[in-house]
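Last residue of the sequence shown: 404 in our numbering, with the numbers rising by one and none dropped.
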Amino acid sequence: YFSGWEFAGVVLSMGILCGTLGINVAHELGHRPDKLNRFLAKATLLTSLYMHFYIEHNRGHHQRVGTHEDPATGRKGEGVYWFWVRSVFGSWLSAWSLEKKRLSKKGVSIWGLQNEMLCYNLIQISALALVGFVFSLEILIAWILASIFGILLLETVNYLEHYGLERDQTDNGSYEHVHPSHSWNSNHPLSRVLLFDLTRHSDHHANPTRPYPLLRHFNAAPELPTGYPGMILLALLPPAFKYIMARRLKAETKRIALESS
């Protein structure tokens, strides 16, 4: 059995690994075209109990980013704590909706093994039950808490990546194409190394299947004030975050407009 401090350390360490390495590596693999890498992406997401991310991110977020239809886009003036609630639950519901729509087009019932969301939830519940049975309740609780920490770390990064950036809606109700200006970038070396160049987010949205070592920097993309570690800590202080980002958003919008004119 762990002491209180040991238990907290285990949860914190596992949570950081879930959020930085686990989900982030799964994100990269999930964009690869081959079945093996996509299988590995889903298996890796199991370690964070966030398997539906594979569905919602690839088929939802990348299509709806920068709109109010996307639960994973941080809105201007929105605090990170409310964003956590909206994104976590909204993304889960969105994944169910996407699967229901996919199966409906094929004329297949949602109550079957072809429903990936149903399978993912059954797999995760089974994994939790197995860990609790084979090991102990303490280990089970540690896994759940570490997963929650990792998920919130991921969602904080989601919050930063598109905060306050919106795509214009055309006359026919559709949205403009995703441009580099719809994602915040950060070229700080530590962030790039820790997150496999996820910080070059504009190129990732323009070319989702491009391997991370080949992602490029765009001058037309707004730049975050600091690297991701600093921005994550700043986001936890919503008044300070909103104040700094309001000024940054205004300055970067002006810079990009001048450079493109």
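Cβ coordinates follow ideal geometry from the N, Cα and C atoms, glycine included. Only a predicted model underlies this, so the values are computations on that prediction, with no experimental measurement involved.
Local conformation of residue i per DSSP, three classes
i      : result
ASN315 : coil
VAL208 : coil
TYR371 : helix
MET194 : coil
THR472 : The question about residue 472 has no answer, for the chain in this structure spans 144 to 404.
LEU338 : coil
VAL168 : helix
SER279 : coil
HIS320 : coil
GLY222 : coil
THR216 : coil
THR139 : In the structure displayed, the chain extends from 144 to 404; residue 139 sits before or after that span and is not available.
HIS360 : coil
HIS200 : helix
ARG229 : helix
ARG245 : helix
VAL251 : coil
Identity of the residues DSSP links to residue i by a beta bridge
i      : result
GLU366 : ASN328
Range of the contiguous alpha helix (DSSP H) that encloses residue i
i      : result
PRO410 : Since the displayed the chain opens at 144 and closes at 404, residue 410 lies outside it and no answer follows.
LEU189 : 178-189
GLU309 : No alpha helix (DSSP H) holds GLU309; DSSP gives it neither H nor E.
GLN257 : Segment: none, GLN257 is in no alpha helix (DSSP H) and carries neither H nor E.
PHE145 : Per DSSP, PHE145 belongs to no alpha helix (DSSP H) and is neither H nor E.
ALA349 : 344-349
Cβ shell of residue i (< 7 Å), same chain only, five flanking positions each side left out
i      : result
VAL231 : ILE294, GLU298
VAL251 : GLN257
LEU338 : THR163, ASN167, TYR371
LEU188 : ILE166, ALA169, MET194, PHE196, TYR197
GLU259 : ILE198, GLU242
Residue i CB to nearest heavy atom of the ligand FMN below 7 Å
i      : result
SER329 : Inclusion of the ligand FMN in the displayed structure is not the case, the ligand content being empty and no account of it being possible.
Neighbourhood of residue i by C-beta distance below 6 Å, restricted to the same chain and skipping five residues each side
i      : result
PHE384 : LEU377, ALA378
THR396 : none
Proximal residues to residue i (C-beta, below 8 Å), its chain only, five neighbours per side dropped
i      : result
LEU283 : LEU271, VAL274, GLY275
VAL208 : ALA215, THR216, HIS305, ARG310, VAL321, HIS325, SER326, HIS348
ASN328 : THR342, ARG343, HIS344, SER345, HIS360, PHE361, ALA364, PRO365, GLU366, LEU367
THR313 : GLU319
Distance between beta carbons of residue j and residue i, contact taken as under 8 Å
i      : j      : result
TYR263 : HIS195 : 6 Å
PHE292 : LEU380 : Wrong, their Cβ atoms sit about 19 Å apart, outside the cutoff.
ALA349 : VAL321 : 7 Å
PRO356 : ASP340 : 7 Å
PRO323 : ALA285 : With a Cβ gap of about 41 Å, PRO323 and ALA285 do not count as contacting.
GLY158 : LEU265 : Actually they do not touch by this definition, with Cβ atoms about 24 Å apart.
HIS204 : PRO351 : Actually they are not in contact, since the Cβ atoms of HIS204 and PRO351 sit about 10 Å apart, beyond 8 Å.
ARG145 : GLU281 : In the sequence as presented, Arg is not what sits at residue 145; that position holds Phe. With a Cβ gap of about 7 Å, PHE145 and GLU281 count as contacting.
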